[in-house]
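Encoded as structure tokens, the structure appears first; notes follow it.
Number of protein chains: 2
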Amino acid sequence: MKRAVVLLSGGLDSATTLAICVREGFEPYALSFDYGQRHNIETLAAERVAASLGAREHRIAGIDLRIFGGSALTDEIPVPKNQDGKNMSDIPITYVPARNTIFLSYALAWCEVLGAIDIFIGANAIDYSGYPDCRPAFIAAFEDLAGLATKAGVEGARFHIHAPLLAMSKAQIIEKGIELDVDFSLTHSCYDPTTDLLACGVCDSCRIRLEGFRSAGRKDPIPYATR
Amino acid sequence: MKRAVVLLSGGLDSATTLAICVREGFEPYALSFDYGQRHNIETLAAERVAASLGAREHRIAGIDLRIFGGSALTDEIPVPKNQDGKNMSDIPITYVPARNTIFLSYALAWCEVLGAIDIFIGANAIDYSGYPDCRPAFIAAFEDLAGLATKAGVEGARFHIHAPLLAMSKAQIIEKGIELDVDFSLTHSCYDPTTDLLACGVCDSCRIRLEGFRSAGRKDPIPYATR
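Sequence order for the protein chains is X and A. One point on numbering: in the working numbering, the residue at position 150 of the first sequence is 955, and numbering is uninterrupted. One point on numbering: in the working numbering, the residue at position 155 of the second sequence is 960, and numbering is uninterrupted.
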């Protein structure tokens, strides 16, 4: 079986991406990050998802982006809530600087050790909320970089960054996940969970998730603190 | 003054690179990594060098590449010594997977927070000992990626990865450093220092350094355990 590294946040996008990786016949090596979030519920969700979908291995890389500051997800700035709609041309305060670049770099390091040339990432261009590093051109540029950065590339291998959700709506991602038997009750999306770890239901991430389930005509299986 | 992020390992290449950054009129923000080395003498050297050359700030990012294994610098594999010559087409066992990709990704994150679009790296194509991510094509590919990965890039900024040592010999780097008043006695290069933190004098890194000083007709100011 061909090995692949799968970036796994524990959210529904990356869970669906892992399921797609498995369906495509790869042996998945799941990689999560503990990057100085306020809470570790993300990595707990990632562990549950990795186990339920049969990841061959699951590693959690501790990285501390707080040393640079600059984002609501890593700083002590309050997370914005109940914003009216979203302006896709604006980059949100929850943007973490260079996050996907850093995540893909780590995936590339693990690829080199595993002898893998396939990386799966749940980046999404439609619901990307203005993150520059979720665009198709970024993904393509990283493939080029990977070929130049590595032993395997020097020896002629062509890396492939699989971003199967890139052009899908959240509703389509949910349908795809259900088709592949992803247990969304194990996933976590909230930027700002309550102290008892319930999703807040009102942050941007919760709103996009809930709207996705509504559009798909499905019920979100996770409990929320406020509805 | 224009800000720049400078990757600083504490070795003579990155010290000279920091001095070049200062000479070119940038305000330098030095970035080092504690990446699970066997010893922290590298970060201590980086602190001394950053202070002596007037870095505006110096941050040390803790990253753990040992979770992936795969290199003598991060594994518990003995560092090879006294190899006869070096074969530039071979990638050495001291290669750390995707290291420069990860380091530049962190530099890019800090750039975003600082509003900087300039990164300095002491990569060297001649003495690079077969590391794929020290080649000019890799540096150019990362510039392209940076433009696509960031808010500044989306807004039209063109990132510049300065690699001023790329085509220089070790002797030329040493001459340049002396010209710019770099105190090489503060630097550290050894892959495998003794328990009392003296450079071993026989690992690949020490051999390249010593040969560089010999070629330049200069005396290396650091003490060695064996000569």
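Just so it is clear, CB atoms sit at the ideal spot from N, CA and C, and this is done for glycine as well. As the structure is a computational prediction, the values presented were derived from the model and not from experiment.
inquiry  = What does the alpha-carbon distance come out to for the pair Gly961 (chain A) and Gly830 (chain A)?
reply    = In this structure, the straight-line span from the alpha carbon of Gly961 (chain A) to that of Gly830 (chain A) is close to 23 Å.
key: Between the CA atoms of Ala951 (chain A) and Asp938 (chain X) - distance to the nearest angstrom   = Between the C-alpha atoms of Asp938 (chain X) and Ala951 (chain A) there is a straight-line separation of about 9 Å.
Continuous beta strand (DSSP E) stretch holding Pro833 (chain X): start and end = 832 to 839 is the span of the beta strand (DSSP E), which, as asked, contains Pro833 (chain X).
Min CB distance Pro1026 (chain X) to chain A below 8 Å = Not one chain A Cβ lies under 8 Å of Pro1026 (chain X).
key: Between the CA atoms of Ala976 (chain A) and Ala1039 (chain A) - distance to the nearest angstrom   = Residue numbering for chain A in the displayed model covers 806 to 1032; residue 1039 (chain A) lies beyond these limits and cannot be assessed.
task = Please classify Asp869 (chain X): is it buried, with 16 or more other beta-carbons within 10 angstroms of its beta-carbon, or exposed?
result = So Asp869 (chain X) ends up on the exposed side.
message = Going by DSSP in three states, Val811 (chain X) sits in which element: helix, strand or coil?
response = Three-state DSSP puts Val811 (chain X) in a strand.
Cβ pair Glu832 (chain X), Lys807 (chain X) closer than 8 Å = Going by beta carbons, Glu832 (chain X) and Lys807 (chain X) fall inside the 8 Å limit.
ask   = Near Ala968 (chain A), what residues of its chain come up, given a Cβ to Cβ distance below 7 Å and the 5 sequence neighbours on each side ignored?
value = Cβ within range, chain order: Ile926, Ala928, Ile944.
task = In the DSSP assignment, find the unbroken beta strand (DSSP E) run with Ile924 (chain X) in it and report its ends.
result = Start and end: 923 to 925.
query = Terminal residues of the continuous alpha helix (DSSP H) containing Ile907 (chain A)?
reply = Counting along the chain, the alpha helix (DSSP H) containing Ile907 (chain A) begins and ends at 904 to 919.
key: Cross-chain neighbours of Ala903 (chain X) in chain A, by beta carbon under 9 Å   = The answer, in chain order, is Ser910, Tyr911, Ala912, Leu913, Ala914, Trp915, Cys916, Glu917, Ala951, Ala954, Thr955.
message = Using beta carbons (cut-off 8 Å, strictly below), is Ile868 (chain X) in contact with chain A?
response = With 8 Å as the cut-off, Ile868 (chain X) counts as an interface residue toward chain A.
message = If I measure Cβ to Cβ from Pro771 (chain A) and keep anything under 8 Å in the same chain, skipping five residues before and after, which residues do I get?
response = Given that chain A is displayed from residue 806 to residue 1032, the structure contains no residue 771 (chain A) and the question cannot be resolved.
inquiry  = Can you list, in chain order, the residues of its chain with a C-beta nearer than 8 Å to that of Asp1025 (chain X)? Leave out the 5 residues immediately preceding and following it.
reply    = Excluding residues up to 5 positions away in sequence, Phe989, Arg1014, Leu1015, Phe1018 lie with their Cβ nearer than 8 Å to the Cβ of Asp1025 (chain X) in the same chain.
inquiry  = Since Leu813 (chain X) and Ala866 (chain X) should fall inside the 8 Å C-beta cutoff, what is the C-beta to C-beta distance between them, to a whole number of angstroms?
reply    = So it is not a contact: roughly 11 Å between Cβ atoms.
key: Residue-level contact to chain A via CB, Val959 (chain X), 8 Å cutoff   = Val959 (chain X) counts as touching chain A.
request  = Report buried or exposed for Gly982 (chain A), applying the criterion of at least 16 other Cβ atoms within 10 angstroms of its Cβ.
outcome  = Under this definition Gly982 (chain A) is a buried residue.
query = At least one CB of chain X closer than 8 Å to the CB of Pro833 (chain A): is that the case?
reply = Not closer than 8 Å to any Cβ of chain X, the Cβ of Pro833 (chain A) fails to qualify, so no.
request  = Quick one: grab the DSSP three-state call for Cys1008 (chain X).
outcome  = Correct three-state label for Cys1008 (chain X): strand.
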